[in-house]
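Just so you know, the protein sequences line up as chains B and C, in that order. Quick note: the first sequence uses this note's numbering, first residue 566, plus one each step. Quick note: the second sequence uses this note's numbering, first residue 2, plus one each step. Idealized CB from N, CA, C, for every residue including glycine. Step one of this worksheet: look at the structure below.
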Amino acid sequence: MRVKPLLENYETEAFFDEAFESDSSTCRPSYTETVDFFRGLTPDRMQASLRSLERTFLKQGVTFTVYSDGQGTERIFPFDPFPRIIPADEWSHLDRGLRQRMKALNMFLADIYSDRRILKEGIVPEYLVKTSKHYRAEFAGLKLPHDTYIHICGSDLIRDAEGRYCVLEDNGRCPSGVSYMLENRVAMKRTFPDLYRKLKVERVSSYPGELLKTLKSVSPRPQDEPVCVVLSPGQYNSAYFEHTFLAQQMGIEIVEGRDLTVENERVYMHTTRGLVQVDVIYRRIDDDFLDPHFFRADSTLGVPDLMKAYRAGNVNLVNAIGTGVADDKATYAFVPDMIKFYLGEEAILPNIETFLGSRDDDLKYILENIENLVIKAVDEAGGYGMLIGPMASKEECADFRARVKATPRGYIAQPVISLSRHPTFCEDGIEGRHVDLRPFILTGEDTVVVPGGLTRVALTKGSLVVNSSQGGGSKDTWVLRDGE
Amino acid sequence: MLSRVAENLYWMSRYIERADNLSRLVIAHQNELLDATSSLTASSHEWHPLLEVTSMGDEDSKEDVVTYMVSSEENPDSIVNCVFQARENARAVRDQISEEMWIEVNSLWLDLKQIDPNDRSRHEKICEMATRSALLFRGIEWSSLPRTDVLAFVQLGGYLERADKTSRIVDLPHFLPDQEVSSAWNTILRACSATAEHRHRYGGEVDAANASSLLLFSATFPRSVRYCVHKVDELLHQISGTKSGDYLNEAERSTGALLARLNFSGVEDIGRMGLHDYVDSIQVDLNNIGWELAQRYFLLRKEAPPASAEAYITSRMRAQQQQQIEEQQQQ
């Protein structure tokens, strides 16, 4: 019996494919070795590798938790072993674009919480900032180390039909997924060592060290050896694995709210030998849950009076309070204007064309064309609160039309971008599936973009939703070293 | 070390030890029943003494006692729930323990869930896996944990739980009908992995006085109450840096007092009080030690600490549930 080789009848169809030209058979230069390698593997061998990969992830507890069934079931984040490959020149373009964007976003936040120049000059409408759900007027005037608000950003990039990289959104609150980038790499190196060595891939393992350096650089007591901690909601959080993973890799404590206490506007952790002062908190808890005396009173995840210590400048939070304005999807539309305003440059990475519900002309357009647009709630994440017009039923469209009409400020619309596709292991061999890319950008005293990122893949045929909570998986992302 | 981390390490280890001891007891008792009756299906009342000995309750209403002890979800101390708790505690400190230790505890939990609920030898399998895994756990503990408070709190939990369980198992005769008492000592020795040691010391005949002396007062047998309390005493002093014989906190004082009692006691002291009352007094002391060390090392937070040992256990469970609930709200 003849075993069908992998990739025999691969079809790019009408999409931009990461690995193949539009004729479906000519391989892009950066993918040659990888495609040859997978062509040489029998499906049986491949299946065996897949199974051993899955078992490894589960045993090590590389999992996330899904609460939709009410019980909280642990699942492994589905992993696809066909790596996404980015040539060096493409990466340096992304690297420059992301740095520029981070700089502008941090200047924007420092500005709106101090002089408000950009609002006074009417570049960004003031009401947009004021009505943003995550705007924290009460923290205006706070002076943060290096004027950095977003220390850790995970911006989502996609490629359109021409293969152009665009920014889909900026995650400036508590972006997650970086542990998968690191664990995926470990798994890939173990499973396909020969292929990996042949390609000369940039390392991602420097991330935890860079993260710790970033945390230390924004300590309010930089002269001493700062005490940094990871603040987690605890082991029932869906990203708990990531919290412990990062704490362990950085060699710092992972704490929960109940481990911390505030006295004299200083934050301390309870140890078996007494109280130890904490300088920098990498918090993986949303603003709302951080301090029951200041935000939600019913939260037990947070630390009472933490905000007093923060305002007194005795502790720094990573990311800062109030960064959510920058990842409001309506603010997103103004990032190219911010880049021009603060840096006098054109945006290196373009935005997706965005229609704001809050602008009258746009609103009219959205309501008339809802069937052809993607509608997003401005303050939702994780693929929730979203409508993909062409794939939605009449009722769903009507429902969203009513919602947009009721609260126009709460919604934006974008044309449907057919994300690029990438060869992916599926039931019947390797097929094209839509992907995006989340690189991680660190900013403290300096800005660092670790060469790599989390490539998320929509495993369901035809689907454009890559979120792990909605049936997405991930791939290792290989940035090739320059000149090789 | 964070108080919460110390607490999780301690409870992880206690639950592993608890699962292990219950498993040994179930297997040993089943083995004895096979000899005593000709039928394979032991009737429920024959298992009730085990419920009482382990303080899991004495209600007659529990139809299937073995299932209740081994795999029931309603029983917070069933073997499967102990493994679950050990794993939850391990998960909360997985950055503190070795990779090998986490994988062992996590694998045991995943493997237990894989067992077919209709498998007729399911209970035996669970018990064997739990016991085997506990041995591996202690090996991993010894060979991979740093010689710091990490190892100290793990061992503290293990020895304190083991002392408690050995003392309870020794008390099994109290809950048996008279005609079964003499053969019970086989079960007891077996449940404490002490059969060979007893034979080695005293020859072939199993004797209540010898057996209880071995399990309560031996200075060298690793599951004897005296040995375990001696280790607890050593570990508490190591953690606080106090010199042996002295004490800095209530936990150290109580442990020292109990150890002195065990060091200078023998079977004749049991005779005066009766075995049941004697081990009962030991258990009261062990509970105190656990509660005092929790107050000294774990419960240092601002909010009012729980008022008693029982309230402490319930409050830990409640904190877990509260976190789960808020987590869902946040999503």
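_Within a Cβ cutoff of 6 Å, which residues of the same chain sit near proline 223 of chain C, ignoring the five residues on either side of it in sequence?_
So the list is empty, once near-sequence residues are dropped.
*Which residues in the same chain have their Cβ closer than 7 Å to the Cβ of phenylalanine 859 of chain B, if we skip the five residues on either side of it in sequence?*
So the list reads Met872, once near-sequence residues are dropped.
*Determine the burial state of histidine 238 of chain C: buried for a count of at least 16 other Cβ atoms within 10 Å of its Cβ, exposed for fewer.*
It is buried - the Cβ of histidine 238 of chain C has at least 16 other Cβ atoms within 10 Å.
*Name the DSSP bridge partner or partners of arginine 1003 of chain B?*
Per the DSSP secondary-structure output, arginine 1003 of chain B pairs in a beta bridge with B:Leu1019.
*Answer with yes or no whether the minimum CB distance from leucine 41 of chain C to chain B is below 9 Å.*
Its pLDDT being 43, under 50, leucine 41 of chain C is placed unreliably in this model, and the coordinates cannot settle the point.
*Alpha carbon to alpha carbon, how far is glycine 275 of chain C from arginine 47 of chain C? Give it in angstroms, no decimals.*
Inspection of the sequence shows that residue 47 of chain C is occupied by glutamate rather than by arginine. If I take the Cα positions, the gap works out to 24 Å.
*Contact between the region 1001–1016 of chain B and the region 767–780 of chain B: three or more CB pairs below 8 Å?*
The region 1001–1016 of chain B, when compared against the region 767–780 of chain B, does touch it at the 8 Å Cβ threshold.
*Does the beta-carbon distance from leucine 236 of chain C to leucine 157 of chain C come in below 9 Å?*
Remark: C-beta atoms of leucine 236 of chain C and leucine 157 of chain C approach each other more closely than 9 Å.
*Within the same chain, show all residues whose beta-carbon is closer than 6 Å to that of glutamate 18 of chain C, passing over the 5 residues directly before and after it, in chain order.*
Contacts found: Gly159, Glu162, Arg163.
*Residue interval of the alpha helix (DSSP H) (run including serine 744 of chain B)*: Where serine 744 of chain B is concerned, the enclosing alpha helix (DSSP H) stretches over 743–756.
_Nearest residue (CA-CA) to arginine 95 of chain C, options B:Gly878, B:Tyr805, B:His835, B:Val766_ = Of all alpha-carbon atoms in B:Gly878, B:Tyr805, B:His835, B:Val766, the one lying nearest the alpha-carbon of arginine 95 of chain C is that of B:Tyr805.
*In this structure, does DSSP put valine 900 of chain B in helix, strand or coil?*
Valine 900 of chain B: helix per DSSP, three-state reduction.
*How is the beta strand (DSSP E) around glycine 1037 of chain B delimited, first residue to last?*
Residues 1037–1044.
*Spatial neighbours of cysteine 718 of chain B within its chain, please: CB distance less than 7 Å, with the 5 preceding and 5 following residues excluded, ordered by chain position.*
Residues of the same chain with a CB within less than 7 Å of the CB of cysteine 718 of chain B, apart from the 5 flanking positions on each side, are Met667, Asp735, Asn736, Gly737, Pro740, Ile1006 in chain order.
_C-alpha gap between serine 40 of chain C and alanine 197 of chain C, whole angstroms_ = Because serine 40 of chain C sits at a pLDDT of 46, beneath the cut-off of 50, its placement in the model cannot be relied upon, and the point is left open.
_arginine 823 of chain B at chain C interface by Cβ criterion, 9 Å_ = So yes, arginine 823 of chain B belongs to the interface.
*Which listed residue (B:Lys894, B:Val1015, B:Gly799) has its alpha carbon closest to that of lysine 698 of chain B*: Looking at the Cα atoms, B:Lys894 is the closest of the given residues.
*Can you give me the start and stop residues for the alpha helix (DSSP H) that threonine 597 of chain B sits inside?*
Per DSSP, threonine 597 of chain B belongs to the alpha helix (DSSP H) from 597–604.
*Sequence-distant residues of its chain with Cβ nearer than 8 Å to leucine 756 of chain B (five each side left out)*: Leucine is not the amino acid found at residue 756 of chain B; the sequence shown has threonine there. The beta carbon of threonine 756 of chain B sits closer than 8 Å to the beta carbons of Ser614, Ser617, Leu618, Pro646 from its chain, once the five residues preceding and following it are set aside; these are given in chain order.
*Since valine 827 of chain B contacts aspartate 870 of chain B with CB under 8 Å, what's their CB separation in whole angstroms?*
Right, the Cβ-Cβ distance comes to about 4 Å (below 8 Å), so this counts as a contact.
*Between leucine 572 of chain B and the rest of its own chain, which residues show a CB-CB distance below 8 Å, the 5 nearest in sequence each way excluded?*
Val600, Phe603, Arg604, Pro988, Gly994, Ile995.
*Got a sec? Which residues, its chain only, sit under 7 Å from glycine 975 of chain B by beta carbon, not counting five neighbours each side?*
Within the same chain, glycine 975 of chain B has close Cβ partners Gly922, Ala942, Val943.
_Please classify glutamine 31 of chain C as buried or exposed, where buried requires at least 16 other C-beta atoms within 10 Å of its C-beta._
Under this definition glutamine 31 of chain C is a buried residue.
*Starting from serine 720 of chain B, follow the alpha helix (DSSP H) in both directions and report where the run begins and ends.*
Here serine 720 of chain B belongs to no alpha helix (DSSP H); instead the beta strand (DSSP E) covers 717–724.
*Just how far apart, CA to CA, sit arginine 15 of chain C and isoleucine 240 of chain C?*
Cα-Cα distance, rounded: 18 Å.
*asked:* Less than 9 Å between the beta carbons of glutamate 830 of chain B and alanine 885 of chain B, yes or no?
replied: No; because the gap between Cβ atoms is not below 9 Å, this pair is not in contact.
_Which of helix, strand or coil DSSP assigns to lysine 708 of chain B_ = In the structure shown, lysine 708 of chain B sits in coil (DSSP, three-state: anything other than H, G, I, E or B).
*Pick helix, strand or coil for aspartate 735 of chain B, following the three-state DSSP scheme.*
Looking at aspartate 735 of chain B - three-state DSSP - the assignment turns out to be strand.
*asked:* Residues of the region 833–845 of chain B in Cβ contact with chain C at a cutoff of 7 Å, in chain order, please.
replied: Against chain C - using a Cβ distance shorter than 7 Å - the residues of the region 833–845 of chain B are Met834, His835, Thr836, Thr837.
*Inter-residue spacing [alpha-carbon to alpha-carbon] between proline 785 of chain B and isoleucine 850 of chain B*: Between proline 785 of chain B and isoleucine 850 of chain B, the C-alpha separation is close to 21 Å.
*With a 10 Å radius around its C-beta and 16 neighbouring C-beta atoms as the bar for buried, classify histidine 201 of chain C as buried or exposed.*
So histidine 201 of chain C ends up on the exposed side.
_I need the DSSP call for phenylalanine 647 of chain B, collapsed to helix, strand or coil._
Correct three-state label for phenylalanine 647 of chain B: strand.
_If I measure Cβ to Cβ from valine 151 of chain C and keep anything under 8 Å in the same chain, skipping five residues before and after, which residues do I get?_
If we look at valine 151 of chain C and ignore the five residues flanking it on each side, its Cβ neighbours are Met2, Leu10, Gln97, Ile98.
_With the cut-off set at 9 Å, would you say alanine 7 of chain C and tyrosine 298 of chain C are in Cβ contact?_
In this structure, the beta-carbon distance from alanine 7 of chain C to tyrosine 298 of chain C falls below 9 Å.
*Using a beta-carbon distance below 9 Å, is lysine 624 of chain B in contact with chain C?*
Taking Cβ atoms only, chain C reaches closer than 9 Å to lysine 624 of chain B, which makes this a yes.
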